[in-house]
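Below is one structure, written out as structure tokens; the observations come after it.
Residue numbers (my numbering): 3 to 348.
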């Protein structure tokens, strides 16, 4: 069997970053790098990411040359490139698929399991970037940083905005986190440094772990009804799809801010838009959307009580460099015959 690694790079994990895989030559591997989509621009890249998350790997396009490249591959490393059944069929010697992400939406996990292919990911790779961004975006929303910037650039000098009467110091807020994994814990640590009270709901995290982080474990109803800011950090699964619905928005305080820097699919977007339009909640901070980029006439573009970002929370250079490092260390363990640390799905 040929000891070959194929790295499929894109605009996030670039060719230069993927070249770190060449460190595997000390274990006798040859490395071939190939582009996910030839000539892809930023908007097409974002559309492809969204397609993978919504439609899965079987309905997302990939560079046809990849199928030739993987014919003798033992290991395939991807970022957002879709790894579906057809690609696995083209690689009969494939033993390991590594994705430089936390989510597995771009890999046909059932097919990999049926073929006995190990799948590894890069857990926590974006946790620091998302935590920094989320807390910064909260402050941006409540202190009107983006609004005053826009106002000044258009000739204004406004001191007050519609939400100014509800704008307090971070130490005056109670923040509710839905999901208390790597990202939730890092957000909590940052918020605690401001003196913010933090509630956390996570059915998979023992209450004592939440308390160890200086936070208060809470049931979902209590969190929604008492928090000034509600930030969601759950994994997107069939069970969590549209979990944040109209009923949950109705339980929030009328002045509360909703934050989503996780996955668009976690939220009933129509219900969110309606709650914002009718001012039934105080506002929102949104980095992810079911349509990316937002169409020119999208209703979210017309609201003055939201802070919008173009899916930027996890996209620091630190995230990308950390991703390939996490994957590479696990591949070295594999080459040495040691158990994989970040194997997914058994």
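Glycine is no exception: its CB is placed at the ideal position from the N, C-alpha and C atoms.
Under the three-state reduction of DSSP, residue 130 is assigned to helix. With a cutoff of 7 Å on beta-carbon distance, residue 270 and residue 244 are scored as near each other. For residue 279, the closest of 295, 303, 265 by C-alpha to C-alpha distance is 303. By the criterion of at least three beta-carbon pairs nearer than 8 Å, the stretch 32-45 is not in contact with the stretch 110-120. C-alpha of residue 50 to C-alpha of residue 63: approximately 8 Å in a straight line. Between the stretch 313-331 and the stretch 8-23, the count of Cβ pairs shorter than 8 Å is three or higher; the stretches touch. Taking 7 Å as the cut-off, the beta carbon of residue 55 is found closer than this to the beta carbon of residue 107.
Taking C-alpha positions only, residue 31 is separated from residue 189 by approximately 39 Å. Fewer than three Cβ pairs drawn from the stretch 136-144 and the stretch 82-98 lie within less than 8 Å of each other, which leaves the two stretches out of contact. Non-local beta-carbon contacts of residue 318 in its own chain, meaning distances under 6 Å to residues more than five positions away in sequence, involve 131 in chain order. Within the stretch 252-292, complete beta strand (DSSP E) segments of at least 3 residues are found at 259-262, 285-288, given in chain order. DSSP, reduced to helix, strand and coil, places residue 328 within a helical segment of the structure shown. Put simply, the stretch 199-209 does not touch the stretch 138-155. Fewer than three CB pairs are less than 8 Å apart. Between the alpha carbons of residue 292 and residue 163 lies a distance of about 28 Å. Secondary structure note for residue 34: its beta strand (DSSP E) is the uninterrupted segment 32-37.
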